[in-house]
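Engineer:
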Amino acid sequence: MNPHLVLRVVSKLLIPLIVVFGLYVHFHGDYSPGGGFQAGVIVAAAVILYALIFGIENAKQAVPTGFVRFMAAFGVLLYGGTGVATLILGGNFLDYDVLHPDQAHHTGQHIGILLVELGVLFTVFSVMMAIFYAFAGRAPDIPEGEW
Amino acid sequence: MEFLASLMPLPLAVHAPAIIVVTPLLMAAIAALMPNGRLGWVVTLVSTVFTGLLALSLIVDVQSAGVIFYAMGGWAPPAGIEFRIDALNAVLLLVIAALGLLSVIYALPSVADEIAEGRQALFYSAFLVCFAGLVGVAITGDAFNMFVFLEISSISTYVMVGMGADKDRRALTAAYNYLVLGTIGATFFVIGVGFLYMATGTLNMAGMASRLPDLSDSRVVQAAFAFIIVGLGLKAAMFPLHLWLPNAYAYAPNFVTSFLATTATKVAFYTLVRFLFDVFWPEAPFVAISFFWVFAILGIIGMVVASVQAVFQDDARRLLAFSSVAQVGYMMLGLGIGTAAGVSAGMLHLVNHAMMKGALFMALGAFAVRFGIRRISDLNGFGQTMPLTSAAFTIAGLSLIGVPMTVGFWSKWYLGVAALENGWWWAVAALILSSLIALAYIGRMLAAIWMAEPPHDKTGGIAHARAPWLMLGPLWVLAIANIWFFFQPDFLISLTNAAAEAAFSGVTR
Chain A
7 MNPHLVLRVV SKLLIPLIVV FGLYVHFHGD YSPGGGFQAG VIVAAAVILY ALIFGIENAK
67 QAVPTGFVRF MAAFGVLLYG GTGVATLILG GNFLDYDVLH PDQAHHTGQH IGILLVELGV
127 LFTVFSVMMA IFYAFAGRAP DIPEGEW
Chain B
813 MEFLASLMPL PLAVHAPAII VVTPLLMAAI AALMPNGRLG WVVTLVSTVF TGLLALSLIV
873 DVQSAGVIFY AMGGWAPPAG IEFRIDALNA VLLLVIAALG LLSVIYALPS VADEIAEGRQ
933 ALFYSAFLVC FAGLVGVAIT GDAFNMFVFL EISSISTYVM VGMGADKDRR ALTAAYNYLV
993 LGTIGATFFV IGVGFLYMAT GTLNMAGMAS RLPDLSDSRV VQAAFAFIIV GLGLKAAMFP
1053 LHLWLPNAYA YAPNFVTSFL ATTATKVAFY TLVRFLFDVF WPEAPFVAIS FFWVFAILGI
1113 IGMVVASVQA VFQDDARRLL AFSSVAQVGY MMLGLGIGTA AGVSAGMLHL VNHAMMKGAL
1173 FMALGAFAVR FGIRRISDLN GFGQTMPLTS AAFTIAGLSL IGVPMTVGFW SKWYLGVAAL
1233 ENGWWWAVAA LILSSLIALA YIGRMLAAIW MAEPPHDKTG GIAHARAPWL MLGPLWVLAI
1293 ANIWFFFQPD FLISLTNAAA EAAFSGVTR
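These protein sequence lines are chains A and B, in that order. So the number in the working numbering is just where the residue sits in the first sequence, counting from 1, plus 6. So the number in the working numbering is just where the residue sits in the second sequence, counting from 1, plus 812.
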């Protein structure tokens, strides 16, 4: 019988919840504590938990290293791209007000901060994964009998 | 120059302060995605050229408008982050943009030789992040934002230095050493900024400057001053805080050394000037004391001691690294003189030193790419083996000593004149002593290059080689600049005089 049965079942239950909580922290970030950085760490923690329980190879199938590298750069581009978009729309760099005409409710500010923080989420998630893969790839695997 | 700048479309010119930082930052992400080093280099080249054009347009604007302000995100200062460019920043922008571009052109063959193929694109990405950070430090008007940019540039610098490990594993310990000391420096700086925030309630430099004169008796402000000076002194490799520098320069990839030696410590020196003269004010008792007892004294000790240490090095790049510490001493002396003439001379030496050290390190890199040279004894007879590179090295070396006909002469001339105006004859004596020691260490290298027996190839003839044109081009641009600006010094001197004037007129609007 598999020695990690309890761990496997519990983590399978928990991982989706962790990801959803991460997204909650992100999208609720402009009303409550949280934001892209925290959300990125939480989502990365979910994948790292998956890798710890099911093995690094399975995790690399779910989140490939090439994808990690791409998302790390994409997050930066999303953040900066939002700034460039505000420039093109006629504002200063990262002046979110120009993103939406509804000034009374500051809709532009909401859109802007969500996009920027989404970029942060992608990059933080990817960098956490990259660091984890880099370290996990180095250490010799713990043989099953030594758990 | 004006013509080039006038080609810039107006919206681009209006938002240039933001775009000049954002371009390399975003291009760094794109460079990281490139499949091979060559494409990464193209991306890097395009962004440095574009950044250079923006820098030119900003410099021209500063000359006509005086000061340029830019509010990030439309948030007006002091609440928001403000970019602020005056004549003092303009000099730095010019140095970073020009030397950055030249180093990038030089980089392709050097990086292809020294960095593993799979990591070259990421290496260029790290370079662009560092470049963006340095530009950011140079133009921000917000003390905390300055810390952030300083860290952006430093962290990517640690990475780049560590990447020298493909050639020499000692790069890893050098990078780690640099990381520890650099982080201590950044921590001290941010503690100081935190104290200033506590005392003044603002992070905007102009805001701090307007409130600090009422608080000159405050211990918090004085402690902040001490923390900031130590932190920035570490980053600038001011004499007793320079221990990270020799190994970092000696084991980093050649391209990284020539870029860092010409820009990174210069930017830290600029931040010192900005804080001493603009955020704090030179008449404050604790600032006035520091001019003599910290900057002049330590600058002079550094000038002499580091030069003597340089004489006894075997590793060619370590020798030049110790010489860099000595040159920082010259700039600190200029700062310590504490007059407009002194600051102007310090800034002039900053620009000149970027030209000489850039050329010297580039020449060593060109020797290394062909023959893997590291030690001075390996340079024997290179005047015949690689004459073009050796000639450029010689010009820059003479400039470092301060021989007339090279730009190094003006550095020492104006430093000496500024010191004599203060009646500091002993500073002039130290200047001459340090130049004589420079003659000794540069002379050692030149003697090996021109007088020693050249290496022979298998048939018994003299080995010949030419560095790649991409390396020779930037190298000779710098070497010729070293001579050109001796005969046409007015351009540089007017720039640095304006910079000193801007430093003394402060950051209030």
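Idealized CB from N, CA, C, for every residue including glycine. In this text the structure is predicted, and so the values were computed from the model without any measurement.
To which residues does DSSP link residue 1127 (chain B) through a beta bridge?
Structural biologist: Answer is B:1187, bridged to residue 1127 (chain B).
Engineer: Which residues in chain B sit within 7 Å of residue 89 (chain A), going by Cβ to Cβ distance?
Structural biologist: Result: 834.
Engineer: Since residue 114 (chain A) contacts residue 100 (chain A) with CB under 8 Å, what's their CB separation in whole angstroms?
Structural biologist: Going by Cβ atoms, the distance from residue 114 (chain A) to residue 100 (chain A) rounds to 11 Å, so no, they are not a contact pair.
Engineer: In terms of residues, what are the limits of the beta strand (DSSP E) holding residue 897 (chain B)?
Structural biologist: Counting along the chain, the beta strand (DSSP E) containing residue 897 (chain B) begins and ends at 894-897.
Engineer: Just to confirm the assignment: which complete alpha helix (DSSP H) runs, minimum length 4, are found wholly within the stretch 991-1027 of chain B?
Structural biologist: Listed in chain order, they are 1017-1023.
Engineer: Between the stretch 1069-1076 of chain B and the stretch 909-925 of chain B, can you find at least three pairs of beta-carbon atoms closer than 8 Å?
Structural biologist: Yes, they touch.
Engineer: Answer yes or no: do residue 1050 (chain B) and residue 1144 (chain B) have a C-beta to C-beta separation smaller than 8 Å?
Structural biologist: Contact: yes.
Engineer: Considering just the uninterrupted stretch of the beta strand (DSSP E) at residue 1087 (chain B), what are its terminal residues?
Structural biologist: Counting along the chain, residue 1087 (chain B) falls outside any beta strand (DSSP E), and DSSP gives it neither H nor E.
Engineer: Per DSSP, what are the beta-bridge partners of residue 1330 (chain B) in this structure?
Structural biologist: Here chain B comprises residues numbered 813 to 1321, so residue 1330 (chain B) is not present and cannot be evaluated.
Engineer: Please list, in chain order, the residues of the stretch 871-891 of chain B that have any C-beta partner in chain A closer than 9 Å.
Structural biologist: Correct list: 882, 883, 884, 885, 886 and 887.
Engineer: Along the stretch 96-109 of chain A, what residues have a CB closer than 8 Å to any CB found in chain B?
Structural biologist: Under the 8 Å Cβ criterion, the stretch 96-109 of chain A contributes 97, 98, 99, 100, 101, 102 and 103.
Engineer: What did DSSP end up calling residue 827 (chain B) once you bin it into helix, strand or coil?
Structural biologist: The answer is coil: DSSP assigns residue 827 (chain B) none of H, G, I, E or B.
Engineer: Could you have a look at residue 952 (chain B) and say whether DSSP puts it in helix, strand or coil?
Structural biologist: Of the three classes helix, strand and coil, the one that applies to residue 952 (chain B) here is strand, per DSSP.
Engineer: In whole angstroms, what is the alpha-carbon distance linking residue 871 (chain B) and residue 902 (chain B)?
Structural biologist: Between residue 871 (chain B) and residue 902 (chain B), the C-alpha separation is close to 5 Å.
Engineer: Kindly say whether residue 1161 (chain B), judged by its beta-carbon, lies nearer than 8 Å to any beta-carbon of chain A.
Structural biologist: Cβ-Cβ to chain A under 8 Å: no for residue 1161 (chain B).
Engineer: Select from B:1034, B:894 and B:1078 the residue whose C-alpha is nearest the C-alpha of residue 957 (chain B).
Structural biologist: Of B:1034, B:894 and B:1078, the residue nearest in Cα terms is B:894.
Engineer: Determine, using beta carbons only, whether residue 1000 (chain B) and residue 1039 (chain B) come nearer to each other than 8 Å.
Structural biologist: Yes, these two residues count as a Cβ contact at 8 Å.
Engineer: For the alpha helix (DSSP H) containing residue 113 (chain A), list its first residue and its last residue.
Structural biologist: Element bounds for residue 113 (chain A): 113-144.
Engineer: Can you determine whether any heavy atom of the ligand COA sits closer than 7 Å to the C-beta of residue 937 (chain B), and answer yes or no?
Structural biologist: Inclusion of the ligand COA in the displayed structure is not the case, the ligand content being empty and no account of it being possible.
Engineer: So if I threshold CB-CB distances at 9 Å, which residues from the stretch 839-851 of chain B count as touching chain A?
Structural biologist: The stretch 839-851 of chain B vs chain A, Cβ under 9 Å: 840, 841, 842, 843, 844 and 845.
Engineer: Assuming contact is defined by CB atoms lying nearer than 8 Å, are residue 1146 (chain B) and residue 1230 (chain B) in contact in what I supplied?
Structural biologist: Yes, the Cβ-Cβ distance between residue 1146 (chain B) and residue 1230 (chain B) is below 8 Å.
Engineer: How is residue 10 (chain A) classed by DSSP in three states: helix, strand or coil?
Structural biologist: Coil.
Engineer: Leaving aside the five residues before and after residue 991 (chain B) along the sequence, list all residues of the same chain whose C-beta is less than 7 Å from its C-beta, in chain order.
Structural biologist: Excluding positions up to five away in sequence, the list reads 970.
Engineer: 8 Å is my cut-off, CB to CB: does residue 114 (chain A) come that close to chain B?
Structural biologist: For residue 114 (chain A), the answer is no, since every Cβ of chain B falls outside 8 Å of its Cβ.
Engineer: Taking 6 Å as the limit between beta carbons, can you name the residues of its chain near residue 965 (chain B), skipping five residues before and five after?
Structural biologist: Contacts found: 942, 945 and 946.
Engineer: Could you tell me if residue 1092 (chain B) is buried or exposed, where buried requires 16 or more neighbouring beta carbons within 10 angstroms of its beta carbon?
Structural biologist: With 16 or more other Cβ atoms within 10 Å, it is buried.
Engineer: State the start and end residues of the unbroken alpha helix (DSSP H) segment that holds residue 1219 (chain B).
Structural biologist: First-last for residue 1219 (chain B): undefined, no H or E at that position.
Engineer: Going by the beta-carbon positions, is the gap between residue 1198 (chain B) and residue 1173 (chain B) smaller than 8 Å?
Structural biologist: Contact: no.
Engineer: Taking only beta carbons into account, state which residues of the stretch 1049-1077 of chain B come closer than 9 Å to chain A, listed in chain order.
Structural biologist: Going along the stretch 1049-1077 of chain B in chain order, one finds no residue with a Cβ nearer than 9 Å to chain A.
Engineer: Would you tell me roughly how many angstroms separate the C-alpha atoms of residue 995 (chain B) and residue 133 (chain A), rounded to the nearest one?
Structural biologist: Between residue 995 (chain B) and residue 133 (chain A), the C-alpha separation is close to 20 Å.
Engineer: In this structure, does DSSP put residue 1276 (chain B) in helix, strand or coil?
Structural biologist: Residue 1276 (chain B) falls in the coil class under three-state DSSP.
Engineer: Less than 8 Å separating the beta-carbons of residue 130 (chain A) and residue 43 (chain A)?
Structural biologist: It is a contact, given that the beta carbons lie within the stated cut-off.
Engineer: Going along chain A, which residues have a C-beta under 9 Å from residue 830 (chain B)?
Structural biologist: By Cβ distance, chain A contributes 89, 93, 98, 99 and 100.
Engineer: Looking at the structure shown, is residue 1268 (chain B) part of a helix, part of a strand, or coil, going by DSSP?
Structural biologist: The answer is strand: DSSP assigns residue 1268 (chain B) an E or B state.
Engineer: Quick check on the burial criterion: 16 or more other C-beta atoms within 10 angstroms. Buried or exposed for residue 1291 (chain B)?
Structural biologist: That one is buried.
Engineer: Using a cut-off of 9 Å between C-beta atoms, extract the partners of residue 79 (chain A) located in chain B.
Structural biologist: By Cβ distance, chain B contributes 840, 841, 842, 843, 844, 845 and 937.
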